[in-house]
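K.L.:
Submitted below is the structure of interest, expressed as structure tokens.
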Amino acid sequence: MLRQRPGFSPGVPAFVDYPGRRIGEKRQYRAITPAMIILKHLPTVQEPRLYMALERTYLGYFKLIFVAIGSGLIAERLVILFTALHFHRLTVFFQEIHDLLTWPAVAIMFVVAYRFLTDLEYIEKGITVPAKEIIDPRIYMAAERTFLAWVRTGIGLIAFGFVIEKFDFFLEQLSIMLHTKLTSGDSFSGMGIVFIVLGVSNLVIGGVNFIRTVKQVDQGCYRIHKILYSLYGVILLAVTLILAAMIIHVSP
Numbered sequence: 005m006l007r008q009r010p011g012f013s014p015g016v017p018a019f020v021d022y023p024g025r026r027i028g029e030k031r032q033y034r035a036i037t038p039a040m041i042i043l044k045h046l047p048t049v050q051e052p053r054l055y056m057a058l059e060r061t062y063l064g065y066f067k068l069i070f071v072a073i074g075s076g077l078i079a080e081r082l083v084i085l086f087t088a089l090h091f092h093r094l095t096v097f098f099q100e101i102h103d104l105l106t107w108p109a110v111a112i113m114f115v116v117a118y119r120f121l122t123d124l125e126y127i128e129k130g131i132t133v134p135a136k137e138i139i140d141p142r143i144y145m146a147a148e149r150t151f152l153a154w155v156r157t158g159i160g161l162i163a164f165g166f167v168i169e170k171f172d173f174f175l176e177q178l179s180i181m182l183h184t185k186l187t188s189g190d191s192f193s194g195m196g197i198v199f200i201v202l203g204v205s206n207l208v209i210g211g212v213n214f215i216r217t218v219k220q221v222d223q224g225c226y227r228i229h230k231i232l233y234s235l236y237g238v239i240l241l242a243v244t245l246i247l248a249a250m251i252i253h254v255s256p
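The opening residue of the sequence shown carries number 5 in my numbering; numbering runs sequentially from there.
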């Protein structure tokens, strides 16, 4: 059982006073990390692994949101298909799926982006850590995990974009066979390309972010990459607005 070292105030986290590392320090890092972001009243610290964990968490959120939007777009295409085939029940079902997934996901995107900024600001209020705490093999491994999260998100979005484009091609071929127009409003063409562009952006930004992080850790310092965060935020905003405009444009 870990004991408080004499001279330390009870209830004060072991990482509050640097540069000395204290017994139980790393355990307390892990214990407060999940709760501090939610409760916003626990002590925090500008620890690189905490920033990287935040990146991985919100990358997962953004990926889930765009998967929901993409699923809604596919549901809209299925509405067109089953309308042409006169399957009324399936038409109504997939129209409800589209309404349930698409617009709520677009709205949630802005909420999640705002939460990311507030969480980032909260962590920046914490104390800084010394260089010896940054030059640590675990920081490099955390950077690798974060880079892989960027890669997984990028590949997933690219794959989803190809699925959407393939489905568009299927509808075009089917419309030729049935001698009817299987589109609602104007053409769906281009929505899948938007997902592919977003996925490629994830790969590029993730790679640059990883290289810069490793260089900073080698130098014993770590600063968040505000320029990359801002660039990614602009890309997310642009993609979201483009998809929203395209959805409105093709709606009946």
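Cβ coordinates follow ideal geometry from the N, Cα and C atoms, glycine included. Because the structure is a prediction, the values reported are computed rather than measured.
Could you name the residues that DSSP lists as bridge partners for T132?
P.N.:
Beta-bridge pairing links T132 to Q50.
K.L.:
In whole angstroms, give me the CA-to-CA distance for K2 and G203.
P.N.:
The structure shown does not extend to residue 2, since the chain spans only 5 to 256, so no value can be given for it.
K.L.:
With a 10 Å radius around its C-beta and 16 neighbouring C-beta atoms as the bar for buried, classify G64 as buried or exposed.
P.N.:
G64 should be labelled exposed.
K.L.:
Answer yes or no: the CB of A109 versus the heavy atoms of the ligand GDP, is any distance below 7 Å?
P.N.:
Because no ligand of any kind appears in the structure shown, any question about the ligand GDP cannot be addressed here.
K.L.:
Looking only at its own chain, which residues have a Cβ that is under 8 Å from the Cβ of I228, when we skip the five neighbours before and after it?
P.N.:
Taken in chain order, the residues that qualify are Y55, L124 and E128.
K.L.:
Rounded to a whole number of angstroms, what is the C-alpha to C-alpha distance between L161 and V133?
P.N.:
So the alpha carbons of these two residues sit roughly 36 Å apart.
K.L.:
Please give me, in chain order, every unbroken run of the alpha helix (DSSP H) with length at least 4 that falls completely inside the region 88 to 155.
P.N.:
Counting whole runs of 4 or more residues, the region 88 to 155 contains the alpha helix (DSSP H) stretches 92 to 128 and 135 to 138.
K.L.:
Identify whether Y226 lies in helix, strand or coil by the three-state DSSP scheme.
P.N.:
In this structure, Y226 counts as coil in the three-state DSSP scheme.
K.L.:
Could you check which residue in M250, V49, I239 and C225 has the C-alpha nearest to that of A135?
P.N.:
If we check each option's Cα against that of A135, C225 comes out closest.
K.L.:
With DSSP as the reference, label G211 as helix, strand or coil.
P.N.:
Three-state result, G211: helix.
K.L.:
Kindly give me the distance between the Cβ atoms of I159 and M195, rounded to whole angstroms, as I take these residues to be in contact under 8 Å.
P.N.:
With 8 Å as the limit, I159 and M195 do not qualify as a contact, their Cβ atoms being about 18 Å apart.
K.L.:
In three-state terms, what does DSSP make of S194?
P.N.:
The question names Ser, yet the displayed sequence has Gly at residue 194. In this structure, G194 counts as coil in the three-state DSSP scheme.
K.L.:
Taking the alpha carbon of Y144 as the reference point, which residue from V238, Q223, I246 and M250 has its own alpha carbon closest?
P.N.:
Taking only the C-alpha atoms, the option nearest Y144 is Q223.
K.L.:
On the CB-based measure, 16 or more other CB atoms within 10 Å of its CB, does G237 come out buried or exposed?
P.N.:
Exposed: under 16 other Cβ atoms inside 10 Å.
K.L.:
Below 7 Å CB to CB, which residues in the same chain sit around G74 once its five sequence neighbours on both sides are set aside?
P.N.:
Excluding residues within five positions, the ones whose Cβ falls inside 7 Å are F164, I168 and F199.
K.L.:
Given I101, which residues of its chain have a CB within under 6 Å of its CB, disregarding the five upstream and five downstream residues?
P.N.:
Counting only Cβ-Cβ distances below 6 Å, and skipping sequence neighbours, we find A79.
K.L.:
How would you call A147, buried or exposed, if buried means at least 16 neighbouring beta carbons within 10 angstroms?
P.N.:
Classification of A147: buried, given that the 10 Å Cβ count is 16 or more.
K.L.:
Can you check which of these residues, L105, I197 and P108, is closest to F171 by C-alpha distance?
P.N.:
Cα-wise, what sits closest to F171 is I197.
K.L.:
Report all residues from its chain with a CB closer than 6 Å to the CB of N206; omit the five preceding and five following residues, and keep chain order.
P.N.:
Around N206: W154, T157 and G158.
K.L.:
Which term fits A111, buried or exposed, when burial requires 16 or more other beta carbons within 10 angstroms of its beta carbon?
P.N.:
Answer is exposed; the Cβ neighbour count stays below 16.
K.L.:
Do you know offhand how far L178's Cα is from R60's?
P.N.:
Between L178 and R60, the C-alpha separation is close to 41 Å.
K.L.:
Suppose the cutoff is 8 Å on Cβ atoms and the five residues either side in sequence are ignored; what does the same chain contact list for F214 look like?
P.N.:
These residues qualify, in order along the chain: A147, E148, T150, F151 and W154.
K.L.:
Compute the beta-carbon to beta-carbon distance between I131 and Q50, rounded to the nearest angstrom, for a pair I have assumed lies under 8 Å.
P.N.:
That pair is a contact at about 7 Å.
K.L.:
When burial is assigned at 16 or more other CB atoms within 10 Å of the CB, is M181 buried or exposed?
P.N.:
Burial call: exposed.
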